[in-house]
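Visitor:
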Amino acid sequence: MAIATVYSSDVRKGEQAPESMMKSAVYRGVGKLSMEYKPIPKAGLNEVVIRTTSTTVCGTDIHILHGEHWVEDGRIMGHEHVGIVHEVGEGLEGITVGDRVMCSSNTPCGTCFYCQKGMAAQCVGPDGKQGPGGWILGNTIEGTHAEYFKMPYPNYNLTKIPDDVSDEEVLMICDIGSTGIAAAEKANIQIGDVVVVYACGPVGLCAIAGARLKGAGLIIGVDADPARMEIAKKMGADIVLNFKTINVIEEIFRLTDGRGADVAIEALGKQETFENCLRSIRRGGTVSSVGIYSGHLHIPIETFAGGMGDHKIVTTLCPGGRERMLQLIQLVKTHRITLESMVTHRYHFDDILEAYDTFEHQKDGVIKTMINF
Numbered sequence: 093m094a095i096a097t098v099y100s101s102d103v104r105k106g107e108q109a110p111e112s113m114m115k116s117a118v119y120r121g122v123g124k125l126s127m128e129y130k131p132i133p134k135a136g137l138n139e140v141v142i143r144t145t146s147t148t149v150c151g152t153d154i155h156i157l158h159g160e161h162w163v164e165d166g167r168i169m170g171h172e173h174v175g176i177v178h179e180v181g182e183g184l185e186g187i188t189v190g191d192r193v194m195c196s197s198n199t200p201c202g203t204c205f206y207c208q209k210g211m212a213a214q215c216v217g218p219d220g221k222q223g224p225g226g227w228i229l230g231n232t233i234e235g236t237h238a239e240y241f242k243m244p245y246p247n248y249n250l251t252k253i254p255d256d257v258s259d260e261e262v263l264m265i266c267d268i269g270s271t272g273i274a275a276a277e278k279a280n281i282q283i284g285d286v287v288v289v290y291a292c293g294p295v296g297l298c299a300i301a302g303a304r305l306k307g308a309g310l311i312i313g314v315d316a317d318p319a320r321m322e323i324a325k326k327m328g329a330d331i332v333l334n335f336k337t338i339n340v341i342e343e344i345f346r347l348t349d350g351r352g353a354d355v356a357i358e359a360l361g362k363q364e365t366f367e368n369c370l371r372s373i374r375r376g377g378t379v380s381s382v383g384i385y386s387g388h389l390h391i392p393i394e395t396f397a398g399g400m401g402d403h404k405i406v407t408t409l410c411p412g413g414r415e416r417m418l419q420l421i422q423l424v425k426t427h428r429i430t431l432e433s434m435v436t437h438r439y440h441f442d443d444i445l446e447a448y449d450t451f452e453h454q455k456d457g458v459i460k461t462m463i464n465f
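For the sequence shown, the positions run 93 to 465 when this note's numbering is used.
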């Protein structure tokens, strides 16, 4: 049964927040999102408070609203942002009020077992109780859908943005950019490989960009939405197949002389697309699974070559940390990636509930919303 989200607001549009308070988009239980005033956070030891300048709505935010991921009542939503340092707590050096900054949606601590093993995306926090995964903004702590927020573990995550790079150019690398490109990285795409990406939503589009960066020889996108299919071509897809009008599996095998794709990337989180990835790859091929599965996922033996096809299945969670963000910013600066074409709708923060509604119900060809303050 579909969740009918109720949007409500105690905040008047255009009205300044009372002193020491801020406007925030707040989760109030399954199917309920509210615009409310909350206290502006204060920076403690080794903490930094950011004034948000841009943010966006993610599919994960919608999963929360639909009750597919639990967060506590009253949690400020959001985990993507660009902002300006508002307050710096004691113990931090090299950070100045007024610095323009960002961090990944996944904010690893840098000290736990997984961070020290080079698996920062699986961070469990310094006490081992945080995770798994370093995603805590808008999950276990207050998020970025507010005028101010605290950035977790700034010594490891805070990333300064060059003056010649705009908010719009880097906002999408916080989460979907880093995630989609990581799906291509984890698949170990080789120069000249045939790569098929199932679902050309935001993460799938970034996976297409990642496949191009890795040197894929033929990139095939699969979707049925005309707007997404068109942007997939701009992001690097050589061919985009409409699954409603063509037998995608047959066409992939025709395009590969009966062999199948070297890599299939699942970017939707559905049983059907996961199975189609398995059906699409050659023997010895790789399925890179990056979609979020809300229910049980099964691997039917018949699509897995009886378990004897030398297939590989790899999974990905958004990589975080300063160095990851700096790598992606460099790709933006040199125009190796251009992700702002995914921004189809722009809103002021006072209209964030409308942005949620548009994104949740996929209105008006939306791909990504950009919310400015």
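C-beta: ideal position from N, C-alpha, C; glycine also.
Leaving out five residues before and five after R375 in sequence, what residues of the same chain have Cβ atoms less than 7 angstroms from its Cβ?
Guide: Around R375: A397, G401, D402.
Visitor: If contacts are defined as beta-carbon pairs under 8 angstroms, then E139 and G181 qualify, I think. What distance do you get, rounded to the angstrom?
Guide: Right, the Cβ-Cβ distance comes to about 4 angstroms (below 8 angstroms), so this counts as a contact.
Visitor: M93 by DSSP, collapsed to three states: which one?
Guide: No answer about M93 holds up, because its pLDDT of 47 lies below 50 and its placement is not dependable.
Visitor: Give me the residue from V382, I338, N334, T337 with the minimum Cα distance to V355.
Guide: With distances taken between Cα atoms, V355 lies closest to V382.
Visitor: Should V286 and L310 be called a contact, given that it needs their Cβ atoms to be closer than 8 angstroms?
Guide: Yes, these two residues count as a Cβ contact at 8 angstroms.
Visitor: Buried or exposed: where does D153 fall if 16 or more other Cβ atoms within 10 Å of its Cβ makes it buried?
Guide: Classification for D153: buried.
Visitor: Please state whether the Cβ-Cβ distance between C298 and G269 is less than 8 angstroms.
Guide: Yes, the Cβ-Cβ distance between C298 and G269 is below 8 angstroms.
Visitor: Where do the N-terminal and C-terminal ends of the alpha helix (DSSP H) with H173 fall, by residue?
Guide: Premise fails: H173 is in no alpha helix (DSSP H) and is neither H nor E.
Visitor: DSSP on I463, reduced to helix/strand/coil?
Guide: Note: I463 maps to strand in three-state DSSP.
Visitor: Unbroken beta strand (DSSP E) runs of length 3 or more, entirely within the stretch 109-183: which are they?
Guide: Listed in chain order, the complete beta strand (DSSP E) runs (minimum 3 residues) inside the stretch 109-183 are 113-119, 124-131, 140-147, 174-180.
Visitor: According to DSSP, simplified to helix, strand and coil, what is T407?
Guide: T407: strand per DSSP, three-state reduction.
Visitor: On the DSSP bridge list, what partners appear for V103?
Guide: Partner(s): none; V103 has no beta bridge.
Visitor: Excluding five sequence neighbours on each side, which residues of the same chain lie with their C-beta closer than 7 angstroms to the C-beta of V435?
Guide: Counting only Cβ-Cβ distances below 7 angstroms, and skipping sequence neighbours, we find E260, K460, M462.
Visitor: CA-CA distance, M93 and G159?
Guide: For M93, the predicted structure reports a pLDDT of 47, less than 50, and the residue's modelled location is therefore unreliable. The matter cannot be settled from this model.
Visitor: Should A319 and G457 be called a contact, given that it needs their Cβ atoms to be closer than 8 angstroms?
Guide: Contact: yes.
Visitor: Which of the three DSSP states, helix, strand or coil, is assigned to S381?
Guide: Strand at S381.
Visitor: When DSSP builds the beta bridges, which residues end up paired with R416?
Guide: In DSSP, R416 forms no bridge with anything.
Visitor: Would you kindly work out how many angstroms separate the C-alpha atoms of L431 and P218, rounded to a whole number?
Guide: Roughly 33 angstroms separates the two Cα atoms.
Visitor: Tell me whether V262 sits in a helix, a strand or coil according to DSSP, three-state version.
Guide: Looking at V262 - three-state DSSP - the assignment turns out to be helix.
Visitor: According to DSSP, simplified to helix, strand and coil, what is M55?
Guide: It is not possible to answer for residue 55, since the shown part of the chain is limited to 93 through 465.
Visitor: Using a Cβ-Cβ cutoff of less than 7 angstroms, which residues in the same chain neighbour K105 once the five nearest sequence positions on both sides are dropped?
Guide: Excluding positions up to five away in sequence, the list reads D442.
Visitor: Expressed to the nearest angstrom, what Euclidean distance is found between the alpha-carbon atoms of C292 and L137?
Guide: Straight-line Cα distance between these residues: approximately 43 angstroms.
Visitor: Quick check: the Cα distance between A109 and Y119, rounded to an integer number of angstroms?
Guide: Answer to the nearest angstrom: the Cα atoms are 19 angstroms apart.
Visitor: Measuring straight from C-alpha to C-alpha, what distance separates Q419 and L305?
Guide: Near 13 angstroms, if we compare the C-alpha coordinates of L305 and Q419.
Visitor: Take I373 and list the residues in its own chain whose beta-carbon comes closer than 6 angstroms to its own, dropping the five residues that flank it on each side.
Guide: Hits under 6 angstroms: G352, A353, A356.
Visitor: If contacts are defined as beta-carbon pairs under 8 angstroms, then V174 and T145 qualify, I think. What distance do you get, rounded to the angstrom?
Guide: 5 angstroms between Cβ atoms; contact.
Visitor: Identify whether D449 lies in helix, strand or coil by the three-state DSSP scheme.
Guide: Looking at D449 - three-state DSSP - the assignment turns out to be helix.
Visitor: Provide the residue span of the beta strand (DSSP E) that contains A356, from first to last.
Guide: Here the beta strand (DSSP E) through A356 covers 353-358.
Visitor: In or out: G387 buried (at least 16 other Cβ within 10 Å) or exposed?
Guide: The residue is exposed, with fewer than 16 neighbouring Cβ atoms inside 10 Å.
Visitor: Taking DSSP as the reference, what is the three-state secondary structure of K252?
Guide: Three-state DSSP puts K252 in a strand.
Visitor: Between V295 and A359, how many whole angstroms is the CB-CB distance? I'm expecting something under 8 angstroms.
Guide: Rounded, the Cβ-Cβ distance is 5 angstroms, consistent with contact.
Visitor: By DSSP's criteria, I312 is part of a beta bridge. Which residues make up the other side?
Guide: According to DSSP, which records beta bridges pairwise, I312 is partnered with V288, I331.
Visitor: Is it buried or exposed for F205, if we count other Cβ within 10 angstroms and need 16 for buried?
Guide: Exposed.
Visitor: Locate the alpha helix (DSSP H) running through V216, then write down its first and last residues.
Guide: Neither: V216 is in no alpha helix (DSSP H) and is coded neither H nor E.
Visitor: How many whole angstroms separate the CB atoms of E172 and T147, which I take to be in contact at a CB cut-off of 8 angstroms?
Guide: Correct: roughly 6 angstroms between the Cβ atoms.
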